[in-house]
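For the sequence shown, this note's numbering gives the first residue as 180, with consecutive numbering after it.
Backbone N, C-alpha and C define an ideal beta-carbon position, used for all residues, glycine too.
Working notes, structure below.
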Amino acid sequence: MICFVRFRELREEIKMAMNKKEKKLVEELQVIAALRWTDNVKKDMPIPDSLDLVAGYTFNEYSAEVRASCSTSISHNTHSPTRTTSQNGIEMYSTKGKALRALRHALCIKVAKELRAVDKLIEASDKEI
């Protein structure tokens, strides 16, 4: 883990001095490093208890994006932090970073389920032989 952190610190300096083959290898290593489990981040902004507009962040797992959002006790908007457009208040994340971490965790779960489905097919295929 220490090596990975140090690598991230020097990444830009390293990229400047690398040829195309080395840059491709580093990119492959970064893809491998991305295969790690991340902790879940809970929404830290509860549904507001008043009609005051509260801004925060939400994510959309299917489009894999974080959006500035807003909520009151009775309505919300997950596309704009300035006015509500949908019924019911929602919980949100207080920072974009927290929402991004939560999105990453949700995507980890989604991909893990997809990989497990493939593993089951492989296991079934191996039994047929």
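query: Taking buried to mean at least 16 other C-beta atoms within 10 Å of its own C-beta, is Leu171 buried or exposed?
result: Absent from the structure is residue 171, since the part of the chain shown begins at 180 and ends at 308.
task: Report the rounded CA-to-CA distance for Lys306 versus Asp298, giving the unit in angstroms.
output: Here residue 306 refers to the residue found at position 127 when the sequence shown is read from its first residue. Here residue 298 refers to the residue found at position 119 when the sequence shown is read from its first residue. Going from the Cα of Lys306 to the Cα of Asp298 covers about 12 Å.
field: Segments of 3+ residues assigned as beta strand (DSSP E) that fall wholly inside the stretch 252–298
entry: Taken in chain order, the whole beta strand (DSSP E) runs of length 3 or more contained in the stretch 252–298 are 254–256.
query: If you draw a straight line from the alpha carbon of Ile211 to that of Ile288, how long is it in whole angstroms?
result: Working through the sequence shown from its first residue, we reach residue 211 at position 32. Working through the sequence shown from its first residue, we reach residue 288 at position 109. Going from the Cα of Ile211 to the Cα of Ile288 covers about 17 Å.
field: Thr261 vs His255 beta-carbon contact at 7 Å
entry: Residue numbering aside, residue 261 sits at position 82 when the sequence shown is read from its first letter. Residue numbering aside, residue 255 sits at position 76 when the sequence shown is read from its first letter. Not in contact: Thr261 and His255 (Cβ atoms no closer than 7 Å).
Buried or exposed (CB count within 10 angstroms, at least 16 for buried), Gly268: Translated into the one-based positions of the sequence shown, residue 268 becomes position 89. Classification of Gly268: buried, given that the 10 Å Cβ count is 16 or more.
message: Do Tyr236 and Ala278 count as a contact pair if the criterion is CB distance below 7 Å?
response: Your numbering for residue 278 matches position 99 in the sequence shown. Your numbering for residue 236 matches position 57 in the sequence shown. In this structure, Tyr236 lies closer than 7 Å to Ala278 by Cβ.
- prompt: Taking C-alpha atoms, which residue in Leu294, Ser252, Asp223, Asn239 lies nearest to Leu214?
  reply: In the sequence shown, the residue the question calls residue 214 occupies position 35. Selected option, being the one with the closest Cα: Leu294.
task: Indicate whether at least one CB of chain C lies closer than 7 Å to the CB of Thr263.
output: Among the chains in the structure shown there is no chain C, since it carries only a single protein chain.
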